[in-house]
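Heads up: the structure comes next, in structure tokens.
Chains as they are written, first to last, in the working numbering: chain A, 1267 to 1364; chain B, 64 to 436.
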């Protein structure tokens, strides 16, 4: 659905989106990595289970929530990629750990 | 200005006013519900959402009975609202726990609960003081700081916002007249003959109910009533939604039907100031994490403050005007807990024209100098 702009920096950072490696530019957000990997949705909502993907890309809408490096419900658009980062689907409400 | 005539005017469109207005309308009265607008303090929209019984009425068993009565009316209210409006008020009444984080708290609570049972007499008061080892089986992830808690089967919780919406919807669907932006600016009273003026028109009726929260303090004298209520600030923190983990609410922590965990129960005497204070928020969070250490891993996504409607002794005030029969007032800080009683017990009394003697101890006469002596 999305393509990187031709003037974007070269894709040099490898992250893992839903288990598959993808190369993204240094300084990109985890939400950008999700979009570059071709996912329109990265989470299901907590109440109805409706699919959601990155929308506002500026930390407001909370629709890009993902499990990043094992931490649930992170706003992917507010997280800068790092080599080897694991970005996984947020399935509905997170678990609270008793 | 010509007035719109009705059979009852309810001043205040929050949980208290809307519950009473629905009760009046359901018993056939042409009822007008006047709502000030979003400049009002809107305690109903900051409510924590407990349907809470166990801590109500120490030294005032009539308040314990009234509260328990309301909790008993709640399932019928919730079912009625759901069938009429399709709105689920998320009522759950699995019992509830007041956590104690020190031996002193536990001893003090045990003493209070024993006194409540004694004062309840034949009405009964079912409770248990439960030590931490057993409480851990009831509430997953209870922290080591918890020494025990008080449990009663009467407690529960519900969603204040769906409740408010459902009350309004049921009222208007039944033909009630909801009037927003209608702060009462002027009023005249005579026995069974009341007239109020608002920015959106004048209204007249033989019955008037003051349910304007903190606004009642100024309104009451016009109607020969006394409502010495003051604001008491409470702050609430809300976590991100999590899978259901709490099988029952506690006094200061509850998990909503949709998974958010609400942390609250602060009390500040700060007048009409709604400012949120980091120190108070930190105390709320700290106590929550001591109660349930796993809460520390959850993100706080929202926080708010609201003003409780508090009488000098913390109990509700229900009253009827002796000077101007037909005028009633209802004041409380438990708009959710008492919604069942307001819609299904209090409203019929108002229709009948007089409060039942069971409400006599709630009269503001208790603040008269002669009675206080």
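Every residue gets a Cβ at the ideal spot worked out from N, C-alpha and C, and that includes glycine.
Contacts with chain B (Cβ-Cβ distance below 7 Å) from the segment 1316-1345 of chain A involve 1339, listed in chain order. Comparing alpha carbon positions, the residue from B/428, B/411, B/176 closest to residue 163 of chain B is B/176.
For residue 381 of chain B, the uninterrupted beta strand (DSSP E) run begins and ends at 380-383, by DSSP.
Counted as a single uninterrupted DSSP element, the beta strand (DSSP E) harbouring residue 368 of chain B occupies residues 363-373. At a cut-off of 8 Å between beta-carbon atoms, residue 1361 of chain A makes contact with chain B. Relative to residue 1327 of chain A, the option among A/1362, A/1304, A/1274, A/1297 whose CA is nearest is A/1297.
8 Å or more divides the Cβ of residue 94 of chain B from the Cβ of residue 278 of chain B. By the CB criterion at 8 Å, residue 125 of chain B and residue 424 of chain B fall inside the cutoff.
Assignment of residue 156 of chain B by DSSP, reduced to helix, strand and coil, places it in the coil class. Looking at the DSSP output, residue 241 of chain B sits in a beta bridge with B/96. Taking 7 Å as the cut-off between beta carbons, the residues of the segment 1299-1316 of chain A near chain B are 1312, 1313, in sequence order. Scanning its chain for C-beta atoms nearer than 6 Å, with the 5 sequence neighbours on each side dropped, one finds around residue 351 of chain B the residues 316, 326, 358, in chain order. Residue 152 of chain B sits away from residue 134 of chain B, with the two beta carbons spaced by 8 Å or more. Rounded to the nearest whole angstrom, the CA to CA distance from residue 1348 of chain A to residue 1289 of chain A is 11 Å.
Excluding the 5 residues flanking it on each side, residue 382 of chain B has same chain C-beta neighbours closer than 6 Å at 288, 392, 426, 427, in chain order. Membership of residue 1346 of chain A in any beta strand (DSSP E) is not indicated, and neither H nor E is assigned to it by DSSP. Listed along chain B, the residues sitting closer than 7 Å to residue 1364 of chain A by beta-carbon distance are 203, 204, 308, 357.
Runs of the alpha helix (DSSP H) lying entirely within the segment 324-365 of chain B and spanning at least 4 residues, in chain order: 341-354. Residues of the same chain with a CB within less than 7 Å of the CB of residue 235 of chain B, apart from the 5 flanking positions on each side, are 241 in chain order. Residue 398 of chain B places its beta carbon 8 Å or farther from that of residue 136 of chain B. Beta-bridge pairing by DSSP links residue 1291 of chain A to A/1277. For the C-beta of residue 305 of chain B, the chain A residues within less than 8 Å are, from N- to C-terminus, 1359, 1360, 1361, 1362.
Taking C-beta separations shorter than 6 Å and ignoring five residues to either side along the sequence, the partners of residue 1303 of chain A in its chain run 1283, 1288, following chain order.
The beta-carbon separation of residue 347 of chain B and residue 329 of chain B, rounded to 6 Å, stays under the 8 Å limit for a contact. Measuring C-alpha to C-alpha distances from residue 1321 of chain A to each of A/1276, A/1360, A/1306, A/1312 identifies A/1306 as the nearest.
One Cα belongs to residue 208 of chain B, the other to residue 228 of chain B, and the distance between them is close to 39 Å. The CB of residue 362 of chain B comes closer than 7 Å to the CB of 1339 in chain A, given here in chain order.
With a beta-carbon spacing of about 5 Å, residue 1277 of chain A and residue 1291 of chain A fall inside the 8 Å limit used to define contacts. Within 10 angstroms of the beta-carbon of residue 1324 of chain A lie fewer than 16 other beta-carbons, which makes it exposed. Residues of chain A whose Cβ lies closer than 9 Å to the Cβ of residue 321 of chain B are, in chain order, 1312, 1313, 1359.
Boundaries of the alpha helix (DSSP H) around residue 86 of chain B: 78-89. Put simply, the backbone Cα of residue 249 of chain B is about 18 Å away from that of residue 76 of chain B. Residue pairing by DSSP puts residue 259 of chain B in a beta bridge opposite B/250, B/266. In its chain, beyond the 5 residues on either side, 1290, 1292, 1347, 1349 have a beta carbon closer than 6 Å to the beta carbon of residue 1279 of chain A.
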